[in-house]
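**Q** In UniProt numbering, the protein residues as written are 1 to 382.
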């Protein structure tokens with residue numbers, strides 16, 4: 001694989017760099033950028049001139065190499081050099097028919113040697129579980145589904161998805177990666193620490209949590225936040241809810257707080273919450289998140305061994321992690337870059353939601369407050 005990447009700080013001064021970059025051979029071009037870039041006609045016109053698919057989304061921060069950036073556009077040109085091919089499908093979720101959209105995505109991308117489907121979706125009012133289910137009904141669980149929800153610096157107002165036909169605030173972009181020697185593997189990084197008692201969901205509706213243990217969810221949530229309670233909903237990014245499979249077994253999933261309703265005493269979360277499920281509050285320091293990233297990177301590199309030659313990696317990390325880490329945010333990205341001796345091209349973005357299965361050959365899940373690393377490579381004997 002051949003990967004070329006550039007960081008664009010200003011369209012007006014960097015337009016020649018953009019045009020030169022887009023003239024290179026490629027199978028797919030990924031663009032992750034600050035939302036302001038998606039209102040710049042010169043930028044969008046330049047992207048539309050390429051002969052291969054250009055896809056991406058707005059970001060709450062951009063990732064390039066070992067750097068975590070803000071206010072830029074990161075353009076990554078990927079040439080698989082015969083190791084595989086890509087195919088792009090664009091669709092809409094009409095009237096919340098997520099499952100139907102998922103089936104259309106699966107049917108459109110189904111083919112020999114399909115290894116992974118990268119999904120990029122809007123980052124507001126989007127609950128993708130049905131989308132995942134529809135895709136896996138067609139493709140099975142063996143095809144890895146990755147990607148994430150576009151970002152807007154945790155405003156949760158308007159996000160953008162970049163398609164080969166322009167920008168959209170409601171499209172789903174799906175990229176299929178195919179190849180007999182292509183290999184795709186993932187690492188999931190959390191680092192949040194649970195605290196407080198485990199509580200049962202006694203009333204919920206999709207992603208709205210009304211009651212825990214028969215009491216208003218907001219009241220219970222506030223009791224554990226102390227001085228942070230007065231800063232809700234923004235401070236809620238520091239205190240996600242851990243989802244439990246049972247009273248004493250974690251599911252491996254977290255749910256972020258998006259907003260609150262003082263009148264109803266409810267919490268609006270970043271994903272669906274099941275009735276009668278169990279939840280527990282969690283928190284983290286910057287050091288907790290960075291330490292978990294370092295441990296996960298070392299383990300991931302060890303498990304990869306010599307069987308796969310890395311080509312590039314997509315990193316999708318939650319905007320909440322960026323809030324917690326502040327000036328140290330680059331360190332979680334550096335952990336993965338360092339594990340590969342700074343030789344692995346990294347691209348990605350800070351998101352409103354991350355997509356990954358919890359384990360290999362299982363269906364994709366919506367994650368919050370998590371960093372997902374998806375590595376694309378080829379078999380060593382190819």
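Note that CB positions come from ideal geometry on N, CA and C, so glycine has one too.
Computed from a predicted model, the values in this text were never measured in an experiment.
Pull up the DSSP beta-bridge partners for residue 278, would you.
**A** Start at 1 with the first residue of the chain shown, and residue 278 comes out as number 278. Beta-bridge pairing links residue 278 to 200, 244.
**Q** Compare the Cα-Cα distances from residue 203 to each of 194, 279, 226 and report the closest residue.
**A** In the chain shown, the residue the question calls residue 203 occupies position 203. If we check each option's Cα against that of residue 203, 279 comes out closest.
**Q** At the level of alpha carbons, what is the spacing between residue 149 and residue 351?
**A** Locating residue 149 in the chain shown gives position 149, counting from the first residue. Locating residue 351 in the chain shown gives position 351, counting from the first residue. Approximately 6 angstroms, taken between the alpha carbons.
**Q** Would residue 147 and residue 336 qualify as a contact pair, given that the criterion is a beta-carbon distance under 9 angstroms?
**A** If you number the chain shown from 1, residue 147 lands on position 147. If you number the chain shown from 1, residue 336 lands on position 336. Their beta carbons are not under 9 angstroms apart, which means residue 147 does not touch residue 336 by this criterion.
**Q** Would residue 76 pass as a contact of residue 3 if the rule is Cβ separation under 9 angstroms?
**A** In the chain shown, the residue the question calls residue 76 occupies position 76. In the chain shown, the residue the question calls residue 3 occupies position 3. Contact flag set, yes.
**Q** Using DSSP bridges, identify the partner residues of residue 33.
**A** Residue numbering aside, residue 33 sits at position 33 when the chain shown is read from its first letter. DSSP, once it has assigned bridges, lists 58, 73 as partnering residue 33.
**Q** On the three-state DSSP scale, how would you describe residue 116?
**A** Counting from 1 along the chain shown, the entry for residue 116 is found at position 116. In the structure shown, residue 116 sits in a strand (DSSP, three-state: E or B).
**Q** Are the CB atoms of residue 240 and residue 254 nearer to each other than 9 angstroms?
**A** Here residue 240 corresponds to residue number 240 of the chain shown, with the count starting at 1. Here residue 254 corresponds to residue number 254 of the chain shown, with the count starting at 1. The answer is yes: Cβ separation under 9 angstroms.
**Q** So residue 86 and residue 28 are supposed to be a Cβ contact under 8 angstroms. How far apart are they, rounded?
**A** As a working mapping, residue 86 is identified with position 86 in the chain shown. As a working mapping, residue 28 is identified with position 28 in the chain shown. The Cβ separation is near 5 angstroms, so the contact holds.
**Q** Distance check for residue 215 and residue 304, CA to CA, integer angstroms please.
**A** By 1-based counting over the chain shown, the position of residue 304 is 304. By 1-based counting over the chain shown, the position of residue 215 is 215. Taking the straight line from one Cα to the other gives about 47 angstroms.
**Q** What number of angstroms, rounded off, separates the C-alpha of residue 153 from the C-alpha of residue 97?
**A** Counting from 1 along the chain shown, the entry for residue 153 is found at position 153. Counting from 1 along the chain shown, the entry for residue 97 is found at position 97. Approximately 27 angstroms, taken between the alpha carbons.
**Q** With respect to the beta strand (DSSP E) encompassing residue 348, which residues constitute its N-terminal and C-terminal limits?
**A** Indexing the chain shown from 1 puts residue 348 at position 348. Run containing residue 348: 346-351, per the beta strand (DSSP E) assignment.
**Q** Name the residue from 366, 167, 294, 68 whose alpha carbon lies nearest to the alpha carbon of residue 338.
**A** The count along the chain shown starts at 1 and reaches residue 338 at position 338. Per the Cα distances, 294.
**Q** Which residue marks the beginning of the alpha helix (DSSP H) containing residue 102, and which one marks its end?
**A** Taking the first residue of the chain shown as 1, we reach residue 102 at position 102. Where residue 102 is concerned, the enclosing alpha helix (DSSP H) stretches over 98-109.
**Q** Would you list, in sequence order, the uninterrupted beta strand (DSSP E) runs of no fewer than 3 residues that lie entirely inside the region 141-215?
**A** The region 141-215 contains these whole beta strand (DSSP E) runs: 144-149, 161-163, 166-168, 171-178, 182-189, 199-205, 208-212.
**Q** Of the residues 82, 283, 248, 344, which one's Cα is nearest the Cα of residue 178?
**A** Position 178 of the chain shown, counted from the start, is the residue given in the question as residue 178. If we check each option's Cα against that of residue 178, 82 comes out closest.
**Q** Do residue 276 and residue 200 have their CB atoms nearer than 9 angstroms?
**A** For this step, residue 276 is matched to residue 276 along the chain shown. For this step, residue 200 is matched to residue 200 along the chain shown. It is a contact, given that the beta carbons lie within the stated cut-off.
**Q** Could you pull out every unbroken beta strand (DSSP E) segment of at least 3 residues lying fully inside the UniProt domain "FIST C-domain" (217-358), listed in chain order?
**A** List check, beta strand (DSSP E) in window: 241-246, 249-255, 257-261, 266-269, 278-283, 308-318, 346-351, 353-357.
**Q** Is any non-hydrogen atom of the ligand MG found closer than 8 angstroms to the C-beta of residue 173, if you look at the structure I gave you?
**A** The ligand MG is not among the ligands present in this structure, which contains no ligands whatsoever.
**Q** Please tell me whether residue 353 and residue 290 are closer than 9 angstroms, where the distance is taken between their beta carbons.
**A** Numbered from 1 along the chain shown, position 353 holds the residue referred to as residue 353. Numbered from 1 along the chain shown, position 290 holds the residue referred to as residue 290. Taking 9 angstroms as the Cβ cut-off, residue 353 and residue 290 do not qualify as a contacting pair.
**Q** Straight-line CA distance for residue 260 to residue 273?
**A** Mapped onto the chain shown, residue 260 falls at position 260. Mapped onto the chain shown, residue 273 falls at position 273. Rounded to whole angstroms, residue 260 to residue 273 spans 15 angstroms at the Cα level.
**Q** According to the neighbour-count rule (16 or more other Cβ atoms, all chains shown, within 10 Å of its Cβ), is residue 322 buried or exposed?
**A** As a position in the chain shown, residue 322 is number 322, starting the count at 1. Under this definition residue 322 is a buried residue.
**Q** What number of angstroms, rounded off, separates the C-alpha of residue 326 from the C-alpha of residue 161?
**A** Within the chain shown, residue 326 is the residue found at index 326, counting from 1. Within the chain shown, residue 161 is the residue found at index 161, counting from 1. Spanning the two alpha carbons is a distance of roughly 26 angstroms.
**Q** According to DSSP, which residues form a beta bridge with residue 373?
**A** Here residue 373 refers to the residue found at position 373 of the chain shown. Answer is 187, 315, bridged to residue 373.
**Q** With distances taken between CB atoms, is the gap from residue 56 to residue 33 smaller than 9 angstroms?
**A** Indexing the chain shown from 1 puts residue 56 at position 56. Indexing the chain shown from 1 puts residue 33 at position 33. Going by C-beta atoms, residue 56 is nearer than 9 angstroms to residue 33.
**Q** By the three-class DSSP mapping on this structure, what secondary structure does residue 448 have?
**A** Any answer about residue 448 is impossible in this case: the structure gives the chain only from 1 up to 382.
**Q** Counting beta carbon pairs with one atom in the region 300-314 and one in the region 131-138, are three or more of them shorter than 8 angstroms?
**A** With a cut-off of 8 angstroms, the region 300-314 and the region 131-138 do not count as touching, because too few Cβ pairs lie within range.
**Q** For residue 9, which of helix, strand or coil comes out of DSSP?
**A** Residue numbering aside, residue 9 sits at position 9 when the chain shown is read from its first letter. Residue state, collapsed to three classes: coil.
**Q** Quickly, what does DSSP pair residue 28 with across the bridge? List them, please.
**A** For this step, residue 28 is matched to residue 28 along the chain shown. For residue 28, which the question treats as bridged, DSSP gives the partners 78.
**Q** DSSP on residue 136, reduced to helix/strand/coil?
**A** If you number the chain shown from 1, residue 136 lands on position 136. In the structure shown, residue 136 sits in a helix (DSSP, three-state: H, G or I).
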